[in-house]
Each structure stands twice: as structure tokens, then as C-alpha cells.
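A.B. asks: First, the structure itself, so that you have it in front of you.
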Amino acid sequence: MSMPRPKGKARPGANAVAEKTLALMREVTGLPIFGSTEKQLHNALRSGVLLVAYVNKLFPSHGVDAHRGGIENKILANDNIQKFLKAARAAGVIETHLFSTEDIHSGRGLARVHACLAAMRSLASARKRPQADGDESVPGRRLRGSITTQDGLPPPPHDLVEDDDIAWLTDRGAGAEIPLVEARAVTLAQLEEVLSAIRERCARGGQWWCLEQSDEGTPSWESRALSSSDVHLDHFLHTVARPATRERNCSFVELVATEAQPAEWVVSVVWAEPVETLVACLRRHAADRGYTRESAVWIDAFAGRRADFAAPLPPDLADAPFCRAAAGARGMLVVLDSLGALFDRVGFGLELHAALTAPSDNFFTDAYAAFVAERPPSGGAEAEVDGDGGGTEQHSARAGGGGGGATEMRVERITDGELVSEDLYEKAVREGDFSHDLAERGLRFALADASALPARARDKQLILEHVAAGVGAHALDATVRAIFLLAKLPAIASHVGDDDARATFDVALRAALPLARCRRVRLTFGGDVAEDWVAQVVVPSLPPSVRSLALTECSAPSLCSALRAHLLVHGASTLTALDLSCDGIGADGAAALAAVLRPDSGSALRTLELFGNPLGDAGVSALSESLELDPPLQSLGLQAVAMADAGACSLAAAIACNTQLVQLVLRGNEIGDEGAYFLAEGLKCNGTLLDLDLFCNAIEERGAQMLARALHEPTCALNALNLDTNDVGDEGAAALADALKVNAMLLELDLGSNRERNTGATSHLIGERGAAALADALASNSTLTRLDVGGNVLGNKGATSLSDALGSNTALLSLALYSNRIDERGANAISTALTLSKALRELDINSNQIGDTGALAIAEALATNDALLKLNVSGCAIGDVGAAAFANALSANSCLLTLKLGHNHIGADGAAALANGLRMNTTLVKLGLGENRFGDEGAEALADALEANTSLARLFLWHNALSADAKERLRAAWMREGRLDDNLVV
-18 MSMPRPKGKA RPGANAVAEK TLALMREVTG LPIFGSTEKQ LHNALRSGVL LVAYVNKLFP
42 SHGVDAHRGG IENKILANDN IQKFLKAARA AGVIETHLFS TEDIHSGRGL ARVHACLAAM
102 RSLASARKRP QADGDESVPG RRLRGSITTQ DGLPPPPHDL VEDDDIAWLT DRGAGAEIPL
162 VEARAVTLAQ LEEVLSAIRE RCARGGQWWC LEQSDEGTPS WESRALSSSD VHLDHFLHTV
222 ARPATRERNC SFVELVATEA QPAEWVVSVV WAEPVETLVA CLRRHAADRG YTRESAVWID
282 AFAGRRADFA APLPPDLADA PFCRAAAGAR GMLVVLDSLG ALFDRVGFGL ELHAALTAPS
342 DNFFTDAYAA FVAERPPSGG AEAEVDGDGG GTEQHSARAG GGGGGATEMR VERITDGELV
402 SEDLYEKAVR EGDFSHDLAE RGLRFALADA SALPARARDK QLILEHVAAG VGAHALDATV
462 RAIFLLAKLP AIASHVGDDD ARATFDVALR AALPLARCRR VRLTFGGDVA EDWVAQVVVP
522 SLPPSVRSLA LTECSAPSLC SALRAHLLVH GASTLTALDL SCDGIGADGA AALAAVLRPD
582 SGSALRTLEL FGNPLGDAGV SALSESLELD PPLQSLGLQA VAMADAGACS LAAAIACNTQ
642 LVQLVLRGNE IGDEGAYFLA EGLKCNGTLL DLDLFCNAIE ERGAQMLARA LHEPTCALNA
702 LNLDTNDVGD EGAAALADAL KVNAMLLELD LGSNRERNTG ATSHLIGERG AAALADALAS
762 NSTLTRLDVG GNVLGNKGAT SLSDALGSNT ALLSLALYSN RIDERGANAI STALTLSKAL
822 RELDINSNQI GDTGALAIAE ALATNDALLK LNVSGCAIGD VGAAAFANAL SANSCLLTLK
882 LGHNHIGADG AAALANGLRM NTTLVKLGLG ENRFGDEGAE ALADALEANT SLARLFLWHN
942 ALSADAKERL RAAWMREGRL DDNLVV
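The following block contains the structure:
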């Protein structure tokens, strides 16, 4: 529950809502409505007169009359408000977007008033015909009802381009003949080339073929000059691509590809989507999903040949081009505009059906949307993303490639393969009405209402029959609606005491969610939820198809009981992953979950996450009893669950006889030496547990020794052991090192930051003796691949011992020595190790005072090292001399992918030297220079280097005292090579 707000204090963000609402009313009505605060909005609305004026302006045919006496008379005011609401319903605003008279009179529901007003404006806009000239709509918006040749219309009458205009396509070589349409995907790099060509043509004032619709509804072709942000797929296809492909009678992809390009993702998009927003969405999606510019995505506009566009769908829709491409893809990306124009295409139903019926549980359906918004002012503080500096993720691309404008392209992730609760309505208030307009359309989605021209009537009938025989039209409709209902869920859940709003929402949720076909649902409530509303309404509405479910931060006392009852009714054999983090679950809730875990319940659960719940030892004991029965659970997360030694004892008994569990996370508890002893005894009998995470417990030297004894046993199968932030000390490290001499299974050992937690004393830190013992073990161990001993007191002697061992060790791939009181003498020893080691791939020595002298030694070794991929020397007191040394190393090194130099003392000269190194380097992918001091002069040198370097994909430059002009110069240089804008942080 949220704390009560002091009387007279505005709700957080309330005045922002009020300002947006009043501005919207001024814009629509043209009336001089005064004010910008919540109180002023309340005064403007309570008579209902302005609401009536608003509806009459948007829908003149309604002709609603207002009672002018509503200012003094509440009865007349209520009548005005009711007239407005009646008109809103008639206009098509759905019930979940309407407000009540009490919302206005109490002044507590003004955000919902804004939502309703915005919905009405979007509905009014959707009824208007697109303007033939001087279209003032937001770039990238396609008004509902606009048409493209995707709807089966004939192509334009003649070409607008000359041979020279398409030489960049026709003169590039033989291309490739790709018989299979599903193998004609287009890479992001090829799409960026298309966008560059569009911008060049627009800059020259070139004409584009545009489909216009007369007042009688007859479509016709007109040639027009457009800005690059207004060029749609359809414009490009008919103005440029079709003339270029005519001679070969091929697809666009066959012009630009040299071989078949199978799809990693399929893209559902209307041809009226601007190419600029499509590319922006794909760039963001690539960053989120981890694919590159060379990865291929299947888009019908680029994959089809001339005959494909005119051909009807095959009788068996599994043979339709999109479905064939989707069959081999990782997932589908849905690209939406602000009004959900894609939802008007009957073809979207076929595409969504292909995604919902994909045989793999790992097929993801992601939805993104791009829109143009005002660019925020430059400057201000950024938040750290990694130890190298980062900043909050902006996920934006400057319109036109950067520089000088007042707008930017912003990309919203609507869903990432899950039904997920994100408050798009709050975003609408902050960022304009884009998200709200889209949500309004999504909540009314119905495949049967999708349009098809007469030429495609047979196709529509085939699709409707195909969907009906598959998941069913109701299920498909419900899936789309559920996405947008859950977007509104956090706001509804937090409206404690607002029974009317929640009751209306409950009806819509119960109607859509149970029918939704989805494999993953993730709902986060933020803790401010009406008591047990989640258990009583959300859980019973969950669809039976869910494989992965997350219900977090909802503090529902009966949540686990409700889940148990739901699974008993719908069967527990489909749910494989469950996350109930921070839900206030205690011992009773754990007992209910334990019943679900039992093998006789039919449970298929493989992963259970209970982070941040006060289970206590009693709750852990209840879960352990079920684990002893050997359920199929493979991963159990019990981080920060108030577990002590008694709970560890219960778990140990379960581990001893369990043959399924492979990962056990016990972070942030109070497990001491006694608990470690019991766990060690359990490990001796267990041959399947691979990963044991004991980060931040109370394990000291004796506990570490007990765990080391378990590692001696041939039955122990552990691959990873995490004892970071415990108190194992030198003796514990020595015992573990002794185990490494005989253990052939352990791959990862984490002993970082072992200090006495309450006092901060260093008596339990690992020092020279512990380092020497670990070094001795490394000399003979041939299996350990990662060792973390950062945050201790190894000093130069400890660093030297470990460095000497690296010379002969051929297995260790990653070594962390951060914050260990190492100076230039230890750096010299590390340099020698880098010269000799052929195995080490990652080295982290950040927060050691190696200075320029130590940097010179490390950089000298780096110049000849052909194995290291990642090096972190952030916070190492490195100045311009050290930076210059690393620049020389970059000129010679052809292996390093990541270099972190953040939080040092690098000035303009050092940045200029690094810029020279980047010009010569062809392999570095990530460079961190955040929190240095090189200013605009250094930024200019780096910007020049970015124009020559083609390998760098991520660059962190935050907190370097850069001016707004310097940041724009960097962005322009960064984007020139088609890099993802999100990956430059300034």
C-alpha cells in the first residue's frame, strides 16, 4: 500500500497530467482555457460545459447542448458530463477508457479524463481522409483507411526514375537467384542502405509515387516530393525497387544479396509504414535481441517478386510466403504505428496465427512502435549502466540522421515475446498521445473487422477459415486485446478504493485473458495493489496456455493458494517457469507452492524463483520436503528469503536424494558455517547439482573448508560455486585451492569481496597466502575456466603469484583481480603473464592504482597478445601517457574486442591518441571512456576517428564535460556508419 499523501499535496506527476489535458482541450476547442495545474483542470471540468464543447468540436454531427448553469448547479453539471459520456460511447470509446462523474467532482480521476479525451481525438482523426497536400500529421503516422498496393491494387502507370537513379542497385553485380521465397530475407545493413538512398533522393527533391484516395473512395497514383520521414515502404517499392527489378523479374533481396538469406526474424508491417521508423524499430530490436546488422529479417515488400504480389494466397495457408519464412525463424517482430493500422489488415491475422501456432516454445512475438517526439534538452546527469559508464537507455534515433532538429525518433517496446504489464497510459501522459492511441485501437481489435479490397475477398475468407480451424478467431482477438489490457493493469491495480474503474476493467480482463494464446506472461505491480486483487481476479483469468509466468511485487497474502487452485483446475502440466519475486510469501504460501511441486500433482515446473519473499526456515523446509520427492524442478531461486542454518539443513537433506535440480541460488541469506556443513554433506551424495550460489551469506573459513571437502568427492558434480561476499579468508581459500588439485568438474569459482560484512574488517579477506595457494592449484588444474578474487587484499605479491601460474595454465579463460591494492609492480607481473598466456580471454584489474607506469606495461604486452578479448582497467589512475600506450597497442592488436578505460584521468591528448589508435584498429567492438576529463577537444578527435573506424559498435563517453554541440558531432559521426544510436552513450 502507498503511504497517505499530506493534505494539499499534488500527486506525483498530477500537474503534468493536468498540463497535458488543458493543452489538449485548448488545441481541440480553440478556447482560451486558463491553467496548467491539477486544481485548475478540476475547476475547468467540473461544470461539464467545456467537455461538451470538446465533443462538439471533434464530432459536430452529435450536436450536444450544454446546460450553462452547470457552473453553479451540480445536477446540471452531472447532466453535462453524462451527455459527454454518451457521445464518447457513440464515437467508439470503449468502457475501460471512460471516466465517471465522481472522477471529476472528486478530482481524483483526472488522469482517466485525459485518457478519454485523447481516445476521442484519436477516433476523430481516424475518420478523416489523409490530406493530399501539406499533410500535417506526425511523420510516420498512417491514418486508418489509407491503402497501399499491399491491398492488391495495380502498380503505377510509368517510372519516375532514370537509369542513373537506380544505378546503386543495378550496377552492384549479378546479385543472386533465390528460388525459395522464405530465403529472401533482408539484412539490417541492406535496409540502412535503402534508407540512405531515400534520404539522398529526398534531398534532391525527387518525386515519389503515392496512392491517393478520392472522396468517392477510388484510388489513384500521384507523384509528389516527400521528406525522408514520410517515405513509406510502398513509395520506395513502386518508385525505386520495381523499376530496378523489372529486367531480372526478381525480388529486391535478389538484387542486393549474393546468396540465400534465411530469416532470423519475420516482420509484420504495413507498407504504409515509413522506412525510417521501420529501420528505427529494427535497430532497437537488434539491440534488445542481440543480433547484428548482418542478420536477416523477412519483409514481404522486399522478398516478393512481381508475380508474388499479384498472386492469391495458396489454398493451404501453411504454404503462404510469410508462414514458410516464419517456420524457420526465431520469432516475429510486429511493427506498429500510433493508430494500429496493421490491425486493419486481414493479413495480420494470418501472420499472428503463424506465430501463435509455432511449434517451438522459444518462438517469440515482439511488438515495437516508433514515433517522432520533441528531443529532450542535452546535458543532465546520466545513470551508470556498467562499471565503465553508460547512462539510461534512450532507445532513440535522431530524425534525419542527427543534428540540429527539434525532434527525435523514439521507439517503444510494446511487448517482448510476453504478455507484460507496462503502463502505456502513463507514457501517453508523459510523451504525448501516441501510446494511448495505439492502446485504444488494440483494445478494440477484431479480425473479422479487418479490411480487404474486393480483389482480396477470397484471401480474407481463406484467412478467417484458417484461423477458425486453428486457434480460433476469438482466441486471436483476445491475444491482441490482452496485450493492451495488461498495459493498463498497473494503473488499475493501484487505484485502491476505485471500485467502479476496477470493476469495468475486471470484466474486460476476464473476457480476454483466459482466451489469449500466449506462452509467457510477466506482470509486475510495484507493490501498490489492492489486497488480494491479483489473487482473486488476475490469477483465475490466466490462460491455460501459459508456459512461463511471472507475478511480482503484488503482496497478495493468498496468491500461492490461488495459484494452486488455478493449476489444479487447468492442470499443472503446462507451466514450466514461475517467478513470484517480492510477493510477501511466507511459510503458509511456501507450503501451498510445495503442494504444487509434488510429482503427484502432475507438475511440469522446471524453474521457480522466490527472490525477496520472507519464507524463513519454515517455508524453506516445506519446499524441501517436496524436493525430496524428486519433482522435475531444475532451477530454484531462494535469494534473500530470510533463510538461516536450519533452512540450509532442510535443503541439504533434499539435495542428498534429489536427482533433478541443477541450479540452486541461495544469495543474500544468513547461512553460516553450520549451514555450509549440511550443504556440503548433501553435495557429497548428489551427482546432478551443477550451480550453487552462496553469494552474500555468513560463511567463514570452517564453512569453506567443509565445502572444499565436498569438492574432493568424485560424486560432486558442481560446475560453479559462488562464495563472493562471505568471510572465507586465507584458510578457506587454501582449502578450496587444495580441492582444485583433484577436482575435475568445477569450472567457475567466485571468491570476490570476502570481508567481515558488519565491521568491514580485513581479517577475513583473501591475501597473499590465499593467492599463493590458488596459484599453486592453477599450476596443475586443467578444468577451472573462471576465477574471481576481486575485492580482496592480494597486493602485488598475490598478483605476482597468480600471474606466474598463468604462464603454465592452459584452462583459465577469465581472471578478476579488481580492487586488490595492486600498483605498477603487480602490473608488471600481469604484463609478463599476458605475454606468456595463450588461454586467458578476459582480465579485470579495475580499481587498482597501476597508474601510467603500470598501463605502459600492460599495453606493451597487449600489443603482441593474440588471445585476450576483454580488458578492464577502469579506475586505475591512468592519464594521457597510459592512454597513448593503449592507443599504440590498439594499432597493433587484432584480437581485443572490449577495452574499458572509464573513471581515469584521460584528457584531450589521451583521447586524441586513442582516436589515432581507433583509426588503425579493425577489431575493437566496445570502448569505455566514461568519467574522464577530455572535454570537447577530445570528443572532436574521437568523432573524426569514428568516420574511419568500422568495427566499433558500443562507445561510452558519459561524464566528460561535453557540450551539446560536441555530443551532436559525436552522434552524427556515430550514425554515419549505420551504428545503433542506443550504443553511443554521451
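Each residue of the sequence shown is one higher than the one before, counting from -18 in my numbering.
From the three backbone atoms N, C-alpha and C, an ideal C-beta is built for every residue, glycine too.
Would you mind stating whether VAL502 and LEU523 have Cβ atoms separated by less than 8 Å?
C.D. replies: Walking along the sequence shown from the start, residue 502 turns up at place 521. Walking along the sequence shown from the start, residue 523 turns up at place 542. Yes, they are a contact pair.
A.B. asks: Exposed or buried, PHE15, counting other C-beta atoms within 10 Å across all chains shown (16 or more means buried)?
C.D. replies: Locating residue 15 in the sequence shown gives position 34, counting from the first residue. That one is exposed.
A.B. asks: Round the Cβ separation of LEU556 and ARG528 to the nearest angstrom and send it over; I've been treating them as touching at under 8 Å.
C.D. replies: The residue you call residue 556 lines up with position 575 of the sequence shown. The residue you call residue 528 lines up with position 547 of the sequence shown. LEU556 to ARG528, Cβ: 7 Å. Contact.
A.B. asks: If contacts are defined as beta-carbon pairs under 8 Å, then ILE826 and LEU798 qualify, I think. What distance do you get, rounded to the angstrom?
C.D. replies: By 1-based counting over the sequence shown, the position of residue 826 is 845. By 1-based counting over the sequence shown, the position of residue 798 is 817. Correct: roughly 5 Å between the Cβ atoms.
A.B. asks: The alpha helix (DSSP H) with THR764 in it runs from where to where?
C.D. replies: Indexing the sequence shown from 1 puts residue 764 at position 783. Segment: none, THR764 is in no alpha helix (DSSP H) and carries neither H nor E.
A.B. asks: Would you mind sorting MET726 into buried or exposed? The rule is 16 or more other CB atoms within 10 Å of its CB.
C.D. replies: Sequence index remark: in the sequence shown, residue 726 carries index 745 (1-based). With fewer than 16 other Cβ atoms within 10 Å, it is exposed.
A.B. asks: Does the pairing of the stretch 262 to 270 with the stretch 214 to 227 give three or more beta-carbon distances under 8 Å?
C.D. replies: Flag = no, the stretch 262 to 270 and the stretch 214 to 227 do not touch.
A.B. asks: Since GLN686 is in the alpha helix (DSSP H), which residue starts that stretch and which ends it?
C.D. replies: If you number the sequence shown from 1, residue 686 lands on position 705. Taken as a continuous stretch (DSSP letters only), the alpha helix (DSSP H) holding GLN686 covers 682 to 693.
A.B. asks: I need the DSSP call for GLU590, collapsed to helix, strand or coil.
C.D. replies: Locating residue 590 in the sequence shown gives position 609, where the first residue counts as 1. Correct three-state label for GLU590: strand.
A.B. asks: Comparing alpha-carbon positions, which option in LEU617, GLU203, GLY628 lies nearest ALA603?
C.D. replies: The residue labelled residue 603 in the question sits at position 622 within the sequence shown. Ranking the options by Cα distance to ALA603, first place goes to GLY628.
A.B. asks: Report the three-state DSSP secondary structure of THR460 (helix, strand or coil).
C.D. replies: Locating residue 460 in the sequence shown gives position 479, where the first residue counts as 1. Helix at THR460.
A.B. asks: Locate the beta strand (DSSP E) running through ALA701, then write down its first and last residues.
C.D. replies: The sequence position of residue 701 within the sequence shown is 720, counting from 1. Per DSSP, ALA701 belongs to the beta strand (DSSP E) from 701 to 703.
A.B. asks: Figure out for me which residue from GLY911, MET313, VAL515, ASP626 has the closest Cα to the Cα of TRP936.
C.D. replies: Position 955 of the sequence shown, counted from the first residue, corresponds to residue 936. This sequence places Leu at residue 936; Trp is not what is there. The candidate whose alpha carbon is nearest that of LEU936 is GLY911.
A.B. asks: Using three-state DSSP, classify ASP367 as helix, strand or coil.
C.D. replies: Locating residue 367 in the sequence shown gives position 386, counting from the first residue. Legend: pLDDT at ASP367 = 33, less than 50; position of this residue unreliable, value from coordinates given subsequently. Coil, per DSSP.
A.B. asks: Across which residues does DSSP place ARG439 in a beta bridge pair?
C.D. replies: Position 458 of the sequence shown, counting from 1, holds the residue named residue 439. None, per the DSSP bridge assignment.
A.B. asks: With respect to the beta strand (DSSP E) encompassing LEU943, which residues constitute its N-terminal and C-terminal limits?
C.D. replies: Position 962 of the sequence shown, counted from the first residue, corresponds to residue 943. Taken as a continuous stretch (DSSP letters only), LEU943 belongs to no beta strand (DSSP E), as it is neither H nor E.
A.B. asks: Give the single residue among ASN897, THR151, ALA307, ASP719 whose Cα lies nearest to the Cα of SER249.
C.D. replies: Working through the sequence shown from its first residue, we reach residue 249 at position 268. For the residues ASN897, THR151, ALA307, ASP719, the minimum Cα distance to SER249 belongs to ALA307.
A.B. asks: Can you name, in chain order, every residue of its own chain whose Cβ lies under 8 Å from the Cβ of PRO296, other than the five neighbours on each side?
C.D. replies: As a first step, residue 296 must be located in the sequence shown, where it is residue number 315. So the qualifying residues of the chain are LEU443.
A.B. asks: Taking the alpha-carbon positions, what's the ARG648 to ASP674 distance?
C.D. replies: Numbered from its first residue, the sequence shown carries residue 648 at position 667. Numbered from its first residue, the sequence shown carries residue 674 at position 693. Approximately 6 Å between the Cα atoms of the pair.
A.B. asks: Could you say which of GLY776, LEU759, VAL774 lies nearest to LEU768 if we only look at CA atoms?
C.D. replies: For the purposes of this step, residue 768 is taken as residue 787 along the sequence shown, with counting starting at 1. Nearest of GLY776, LEU759, VAL774 to LEU768, Cα basis: LEU759.
A.B. asks: Taking the C-alpha atoms as reference points, what is the distance between GLY384 and LEU169?
C.D. replies: Walking along the sequence shown from the start, residue 384 turns up at place 403. Walking along the sequence shown from the start, residue 169 turns up at place 188. Unreliable positioning characterises GLY384 in this predicted model, as indicated by a pLDDT of 36, which lies under 50. The coordinate reading is nonetheless provided below. Spanning the two alpha carbons is a distance of roughly 23 Å.
A.B. asks: Look up MET313 in the DSSP assignment and say whether it is helix, strand or coil.
C.D. replies: Stepping through the sequence shown from its first residue, residue 313 is reached at position 332. DSSP places MET313 in strand when its eight states are reduced to three.
A.B. asks: Quick check on the burial criterion: 16 or more other C-beta atoms within 10 angstroms. Buried or exposed for ILE887?
C.D. replies: Counted from its first residue, the sequence shown places residue 887 at position 906. Buried, since its Cβ has 16 or more Cβ neighbours within 10 Å.
A.B. asks: Out of PRO595, VAL234, ALA635, ASN703, point me to the one whose CA is closest to LEU610's CA.
C.D. replies: Counted from its first residue, the sequence shown places residue 610 at position 629. Of the candidates PRO595, VAL234, ALA635, ASN703, the one whose C-alpha sits nearest the C-alpha of LEU610 is ALA635.
A.B. asks: How far does the beta strand (DSSP E) with GLY618 in it extend, from its first residue to its last?
C.D. replies: Within the sequence shown, numbered from 1, the residue matching residue 618 stands at position 637. Its beta strand (DSSP E) spans residues 616 to 618.
A.B. asks: Quick one, are the C-beta atoms of LEU645 and LEU614 less than 8 Å apart?
C.D. replies: The residue labelled residue 645 in the question sits at position 664 within the sequence shown. The residue labelled residue 614 in the question sits at position 633 within the sequence shown. Going by C-beta atoms, LEU645 is not nearer than 8 Å to LEU614.
A.B. asks: Cα separation between GLY321 and HIS95?
C.D. replies: Start at 1 with the first residue of the sequence shown, and residue 321 comes out as number 340. Start at 1 with the first residue of the sequence shown, and residue 95 comes out as number 114. C-alpha separation (whole angstroms): 20 Å.
A.B. asks: Quick check: the Cα distance between GLY156 and GLU446, rounded to an integer number of angstroms?
C.D. replies: Within the sequence shown, residue 156 is the residue found at index 175, counting from 1. Within the sequence shown, residue 446 is the residue found at index 465, counting from 1. Taking the straight line joining both Cα atoms gives about 39 Å.
A.B. asks: Going straight from the alpha carbon of ARG1005 to that of ILE811, what length do you get?
C.D. replies: Since the first and last residues shown for the chain are -18 and 967, residue 1005 lies out of range.
A.B. asks: With burial defined as no fewer than 16 other Cβ atoms inside 10 Å of the residue's Cβ, what is the status of ASN777: buried or exposed?
C.D. replies: Walking along the sequence shown from the start, residue 777 turns up at place 796. It counts as buried.
A.B. asks: Can LEU965 and LEU951 be called in contact, C-beta distance under 8 Å?
C.D. replies: Counting from 1 along the sequence shown, the entry for residue 965 is found at position 984. Counting from 1 along the sequence shown, the entry for residue 951 is found at position 970. Going by C-beta atoms, LEU965 is nearer than 8 Å to LEU951.
A.B. asks: Check the DSSP bridge columns for TRP202 and list the partner residues they point to.
C.D. replies: Here residue 202 is taken as the residue at index 221 of the sequence shown, counted from 1. Paired residue(s): LEU192.
A.B. asks: Could you pull the start and end residues of the alpha helix (DSSP H) that TRP149 belongs to?
C.D. replies: Start at 1 with the first residue of the sequence shown, and residue 149 comes out as number 168. Taken as a continuous stretch (DSSP letters only), the alpha helix (DSSP H) holding TRP149 covers 148 to 151.
A.B. asks: Under a three-way DSSP split, which group does ASP825 fall into?
C.D. replies: Start at 1 with the first residue of the sequence shown, and residue 825 comes out as number 844. Correct three-state label for ASP825: strand.
A.B. asks: Whose CA, out of PHE592, ASN707, ALA576, ASP890, lies closest to the CA of LEU586?
C.D. replies: Residue mapping note: residue 586 aligns to position 605 of the sequence shown, counting from 1. When each option's Cα is compared against that of LEU586, the closest is ALA576.
A.B. asks: Rounded to a whole number of angstroms, what is the C-alpha to C-alpha distance between LEU259 and HIS213?
C.D. replies: For the purposes of this step, residue 259 is identified with residue 278 of the sequence shown, where counting begins at 1. For the purposes of this step, residue 213 is identified with residue 232 of the sequence shown, where counting begins at 1. Going by the C-alpha atoms only, they are around 9 Å apart.
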